[in-house]
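Number of protein chains: 2
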Amino acid sequence: LDYQHVQVPFEITLWIMLASLAKIGFHLYNKLPSVVPESCLLIFVGLIMGGIIYGLNDRSPPVMDSDIFFLYLLPPIVLDAGYFMPSRPFFENIGTILLYAVVGTIWNVFGIGFSLYGICQVRAFRLQDVSLLHNLLFGSLIAAVDPVAVLAVFEEIHVNEKLHILVFGESLLNDAVTVVLYKLFRSFCEMPTIKSMDVFAGVGKFFVVGLGGVLVGLSFGFTAAFTTRFTKDIRVIEPLFVFLYSYLSYLTAEMFHLSGIVAIIACAMGMKRYVEANISLKSHTTVKYFMKMWSSVSDTLIFIFLGVSTIGENHEWNWPYICFTVIFCLIWRALGVLVLTFFVNRFHVNTITSKDQFIIAYGGLRGAICFSLVFLLPEFHRKKLFIAATTVVILFTVFVQGMTIRPLVDLLAVKRKRESAPMVGEQIHIRFLDHLLAGIEDISGHWGQYYWKDKLEYFNSKYLQKILLREYDQPKSSIVLLYEKLERKHAIELAEAGQLGHGPAHPSLLGPTFLCSSNDRTVRTDQKLEDTQNPDVLDNMQEILARNLYRIRRMGPAYNRHTLPGESEPSEHAKEILILRHKSL
Amino acid sequence: LDYQHVQVPFEITLWIMLASLAKIGFHLYNKLPSVVPESCLLIFVGLIMGGIIYGLNDRSPPVMDSDIFFLYLLPPIVLDAGYFMPSRPFFENIGTILLYAVVGTIWNVFGIGFSLYGICQVRAFRLQDVSLLHNLLFGSLIAAVDPVAVLAVFEEIHVNEKLHILVFGESLLNDAVTVVLYKLFRSFCEMPTIKSMDVFAGVGKFFVVGLGGVLVGLSFGFTAAFTTRFTKDIRVIEPLFVFLYSYLSYLTAEMFHLSGIVAIIACAMGMKRYVEANISLKSHTTVKYFMKMWSSVSDTLIFIFLGVSTIGENHEWNWPYICFTVIFCLIWRALGVLVLTFFVNRFHVNTITSKDQFIIAYGGLRGAICFSLVFLLPEFHRKKLFIAATTVVILFTVFVQGMTIRPLVDLLAVKRKRESAPMVGEQIHIRFLDHLLAGIEDISGHWGQYYWKDKLEYFNSKYLQKILLREYDQPKSSIVLLYEKLERKHAIELAEAGQLGHGPAHPSLLGPTFLCSSNDRTVRTDQKLEDTQNPDVLDNMQEILARNLYRIRRMGPAYNRHTLPGESEPSEHAKEILILRHKSL
Chain A
1 LDYQHVQVPF EITLWIMLAS LAKIGFHLYN KLPSVVPESC LLIFVGLIMG GIIYGLNDRS
61 PPVMDSDIFF LYLLPPIVLD AGYFMPSRPF FENIGTILLY AVVGTIWNVF GIGFSLYGIC
121 QVRAFRLQDV SLLHNLLFGS LIAAVDPVAV LAVFEEIHVN EKLHILVFGE SLLNDAVTVV
181 LYKLFRSFCE MPTIKSMDVF AGVGKFFVVG LGGVLVGLSF GFTAAFTTRF TKDIRVIEPL
241 FVFLYSYLSY LTAEMFHLSG IVAIIACAMG MKRYVEANIS LKSHTTVKYF MKMWSSVSDT
301 LIFIFLGVST IGENHEWNWP YICFTVIFCL IWRALGVLVL TFFVNRFHVN TITSKDQFII
361 AYGGLRGAIC FSLVFLLPEF HRKKLFIAAT TVVILFTVFV QGMTIRPLVD LLAVKRKRES
421 APMVGEQIHI RFLDHLLAGI EDISGHWGQY YWKDKLEYFN SKYLQKILLR EYDQPKSSIV
481 LLYEKLERKH AIELAEAGQL GHGPAHPSLL GPTFLCSSND RTVRTDQKLE DTQNPDVLDN
541 MQEILARNLY RIRRMGPAYN RHTLPGESEP SEHAKEILIL RHKSL
Chain B
1 LDYQHVQVPF EITLWIMLAS LAKIGFHLYN KLPSVVPESC LLIFVGLIMG GIIYGLNDRS
61 PPVMDSDIFF LYLLPPIVLD AGYFMPSRPF FENIGTILLY AVVGTIWNVF GIGFSLYGIC
121 QVRAFRLQDV SLLHNLLFGS LIAAVDPVAV LAVFEEIHVN EKLHILVFGE SLLNDAVTVV
181 LYKLFRSFCE MPTIKSMDVF AGVGKFFVVG LGGVLVGLSF GFTAAFTTRF TKDIRVIEPL
241 FVFLYSYLSY LTAEMFHLSG IVAIIACAMG MKRYVEANIS LKSHTTVKYF MKMWSSVSDT
301 LIFIFLGVST IGENHEWNWP YICFTVIFCL IWRALGVLVL TFFVNRFHVN TITSKDQFII
361 AYGGLRGAIC FSLVFLLPEF HRKKLFIAAT TVVILFTVFV QGMTIRPLVD LLAVKRKRES
421 APMVGEQIHI RFLDHLLAGI EDISGHWGQY YWKDKLEYFN SKYLQKILLR EYDQPKSSIV
481 LLYEKLERKH AIELAEAGQL GHGPAHPSLL GPTFLCSSND RTVRTDQKLE DTQNPDVLDN
541 MQEILARNLY RIRRMGPAYN RHTLPGESEP SEHAKEILIL RHKSL
């Protein structure tokens, strides 16, 4: 028996196996998932495993090492989150999300830090040796909402899309703030004196860390898209690039002390659209499936490891400090959400209701990120107290809040997610409204969300698509793609029901009627009609739409040294419309 | 900049990225793959990389560590090979393959070992200090044909299926022999005296290592199949089990000093059939795709690493020894193939032609397994000579033999692989012949291949399927599955050409003609006809086939104490046939 030789991969495989089997066992009884969130059960499994290992070895295994967590377990989950991020609600609410993530997190850090420092002044609690800086450092790691925990709970309760994206987006984007504040306070703890310069440098770092992460992510994302242009002959390694480049973006960002989470999200969101168009359908299935599988396993492992690592002798149980930490976490988050939402609602038509505010505050779960950060703290005499407090906060939020949030959502009758996907009609309507709003913003000279979106779309189709897509000349609109997808699905259903016609069976052959009367000119009467007809109709429809749709005016900057505003453009536009109308007549 | 922190995953990712990009680059120019095998080019890339790194660092990176190779790079390739192993030609030629793998390898080991010992006795070469045991040890690692190298070359030259499986099967199954001989000679080298007992124990070990590997593999394979019975509610982690269990089988076998390669192949072949039936279609696409991707990357990495590791100061260039090693490798393999094939051909109708024999001998490529084994040798003063000789043999076989084998195959007009998949008619024919041959073997009392196959199939449907499959009661025959697959493919093609009929378009509605006239009884005239008709026809066909096919007689042992041979069974059979005939009339 030669166990030493295979130990590392063997134990990793066994842990993954345990996680997968726990997941299967959890789903075997249908009643269980509806009562207890999976994360709670997994932590429970971890606690049992940890107890067994601790009983046998007298020390808990170092499974939740912060390196393991940050380098191997977290990236798959964040990649999955970024890749499947619903981009429309995300960008529609980006302002609110950023406000919660940046201002909200800072508010929480300082709120929790200062109030805990107040508690430390109470002589009876014997905590006078915990300095303000240490409290702030602790605040910086305990304040951040955890994406893994939020995802695990919110995926099960199906609240409406906006609420979900607000909490989830915040939990992802606060990483930049957490990284900066945590590192700032940690270096302050080690410095003899703090100059005001250092504080200002800290503020500047926010932007560097966040925007740097976005930049790193986007550049890797576009490189990934560019690479997949050349994989036509070697389809089998296509999925690899999605994983390799996004992981590299994460590692590179971490290497330069930027926000890895922000980088990987930017990378995934940046490349998705182009990669999807370049790689084959089967490669894409593999990418999607494997990403889900990987993040699901990572997620399971994180909760089990959380349980395992809780067992041990790392804790100092000073109950006043621990209890007040939990209370302050709840209070400051609730206050922060109330205040910030007040400002958000003043500037938005579509306000956040008080029910939604409650769920946002209540859904601020803490998880494995805090846990890993607290173990990364430099050694000092009260580290074990911080570890204990963090463990209790995590267990409290995951167990108490995680288990009660579903009944609360039911009780408050929070607006749920719509069950069905939007109809094609709705989609067309939404797109039409986008154009309309871009037009209105254009006319009113307001540089709003739709203006920027339109600008971005123009830049995309003018430059990016030509560089990043293999066949950039005829990118199909999403409506046409949707139509094709529906056709394919319908065909498979027909085939499975055994109703597929093998002969010339297209309805259009039964008579001279066509769906689109404007295509009469293109009807060819030769015998190859049946082969080419429908693509022709499609192309023609696209062409007509492209030719006849009024192109949205590109707006120059409001002030221009060389032209008077509205000098030449309106007349050109009017002419353009006239020409189009003449043509169509 | 904090490179230390991310170094390990970053460098791994970069190596994989390099491998993938090299692969893309290789396929960008269409002419390249037709002239040079990919493996040669990858080694070349590795040599350049190794040169650069060596120039910068003054030492080559430890990328081709034997642990890395055996624990991480080899398993994916072997898993892929086992999972996609064409089982019919493999089992049809299993006897020949085993003969080549076991007897052939032993022949080569002793042949090369003893002749090199002879060379060592020549005073002019200054090799007298290399003992017989060391030569045999070297022979045991250099004799084995390498599956990775064989696969890389043979996948490109498309020889006929039998020839391919003979070389490839040998390269996989000789692992057991190599492991035993290598470990045996290594322990002999360290022992002061060798008793005859030890030699006999070595012979016994062959069976333990090989059969033990099969046992470990099959048990993990069946556990994997059993596990996938319960993944219905959690489709997303299904693909994971295929990888986890096969990797565990490999690691477990390695742990007990059994043949890991044999174990993982047994595991993959054992589980494939059941796993495929249990998991969803998309999961299966992911499994297949990911396996191919992984093995492709592993394969690329192995050849690049081979190149990288060749650069360095590990070599002792004693040219006579090195040249004679290459020559003896060629001669002994050619002789071995000639002698063994002579015996094989005496017992088979379908003989191996002399052209095939030449390709089998010439296709005996050496690769990364030898390379890793030679680095695993215990330190002694001539280790660097062995490393040099192994490197030269590998480069010679991969470059010279690998590059000339394709022209030789063309020149000799070796029978090629058929381009098209067998037609449905052929498949039915083959299956019919199987039944016929099982019947003939049954009648003639010969326990041949078909008898055992039939027996296995019976055991499978009676016990294994009930335990391992989720829905075991109605397993569809492969013909019906093929039909469904073709239907689905056809439907997608129709949808993509835009010819899908949306109305009632089945040809059978156009008239009362049916494909299968014996189904007239089942034609229902109600309006739901169009929905249920085709599945009905299918079910009915299956039912008729199942009812009317003459069940093959299960043969008892040829000698039975309680019954006279052929006592009661013939009359029962005759009766059965009569009843069937009456029914059908």
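For the protein sequence lines, the chains are A and B, in the order given.
For what it's worth, the UniProt record's numbering labels the leading residue of the first sequence as 1, then goes sequentially.
For what it's worth, the UniProt record's numbering labels the leading residue of the second sequence as 1, then goes sequentially.
C-beta: ideal position from N, C-alpha, C; glycine also.
Please read all numbers here as calculations on a predicted model, not as lab measurements.
- Following the DSSP letters along the chain, one finds Leu218(B) inside the alpha helix (DSSP H) bounded by residues Ser196 to Thr227.
- Look at the segment 244-278 of chain B: the residues with a C-beta under 7 Å from a C-beta of chain A are Leu244, Tyr247, Leu248, Leu251, Glu254, Met255, Phe256 and His257.
- For Pro239(B), the closest Cβ of chain A is nearer than 8 Å.
- The beta carbon of Gly363(A) sits closer than 6 Å to the beta carbons of Val167 from its chain, once the five residues preceding and following it are set aside; these are given in chain order.
- With a cutoff of 8 Å on beta-carbon distance, Pro239(B) and Ser283(B) are scored as near each other.
- For the segment 286-301 of chain B, residues whose beta-carbon sits nearer than 7 Å to a beta-carbon of chain A comprise Thr286, Tyr289, Phe290, Lys292, Met293, Ser296 and Val297.
- For Phe347(A), the enclosing alpha helix (DSSP H) stretches over residues Trp319 to Phe347.
- Taking CB atoms only, Phe138(B) has no neighbour in chain A less than 8 Å away.
- Between the alpha carbons of Ile157(A) and Pro62(B) lies a distance of about 50 Å.
- DSSP places Val159(B) within a strand segment (E or B) once states are collapsed to three.
- At least 8 Å separates the beta-carbon of Leu173(B) from that of Gly202(B).
- Annotation for Pro75(A): the continuous alpha helix (DSSP H) segment containing it runs Leu74 to Tyr83.
- Under the 8 Å criterion on CB atoms, Val236(B) is classed as interfacial with respect to chain A.
- Asn278(A) counts as buried, since no fewer than 16 other beta carbons sit within 10 angstroms of its beta carbon.
- Contact of Tyr3(B) with chain A by beta-carbon distance below 7 Å involves Met255.
- For Arg123(A) and Arg346(A), the gap between their C-alpha atoms comes out near 44 Å.
- Counted as a single uninterrupted DSSP element, the alpha helix (DSSP H) harbouring Thr252(A) occupies residues Glu238 to Met255.
- For the segment 14-42 of chain A, the set of positions with a beta-carbon nearer than 7 Å to some beta-carbon of chain B reads Ile16, Met17, Ser20, Lys23, Ile24, His27 and Leu28 in chain order.
- Assigned with DSSP and collapsed to three states, Arg126(B) falls in coil, not helix or strand.
- Where Ser115(A) is concerned, the enclosing alpha helix (DSSP H) starts and stops at Thr105 to Cys120.
- For the 8 Å CB-CB criterion, Leu437(A) and Val398(A) do not form a contact.
- Residue pairing for Arg416(B): DSSP places it in a beta bridge opposite Val159(B).
- Between Thr223(A) and Tyr250(A), the C-beta spacing is not below 8 Å.
- Assignment of Asp146(B) by DSSP, reduced to helix, strand and coil, places it in the coil class.
- Here Val262(A) is buried, its C-beta having at least 16 other C-beta atoms within 10 Å.
- Nearest neighbour of Met85(B) by Cα position, chosen from Asp198(B), Leu32(B), Glu155(B) and Gly25(B), turns out to be Glu155(B).
- Using beta-carbon distances, Pro9(B) counts as an interface residue toward chain A, with a partner under 8 Å.
- Our two residues, Thr13(B) and Pro75(A), have alpha carbons roughly 13 Å apart in a direct line.
- Taking a contact to require three or more Cβ pairs closer than 8 Å, the segment 37-57 of chain B and the segment 327-334 of chain B do not qualify as touching.
- Shown here for Cys323(B): not one same chain residue has a beta carbon closer than 7 Å to its own, the five before and five after excluded.
- Close to Ala388(B), with beta-carbon spacing below 7 Å, lies no residue of chain A; the smallest spacing is near 27 Å.
- For Phe230(A), the C-beta contacts it makes with chain B under 9 Å involve Ile24, Gly25, His27 and Leu28, in order along the chain.
- Where Ile234(B) is concerned, there is no enclosing alpha helix (DSSP H), because DSSP gives it neither an H nor an E.
- Residue contact check for Lys462(A) against chain B: no CB pair falls below 8 Å.
- For Ser280(A), no alpha helix (DSSP H) segment is defined, and its DSSP state is neither H nor E.
- Taking 4 residues as the shortest admissible run, the segment 381-465 of chain B contains the following complete alpha helix (DSSP H) segments, listed from N- to C-terminal end: 383-395, 402-412, 424-444 and 449-459.
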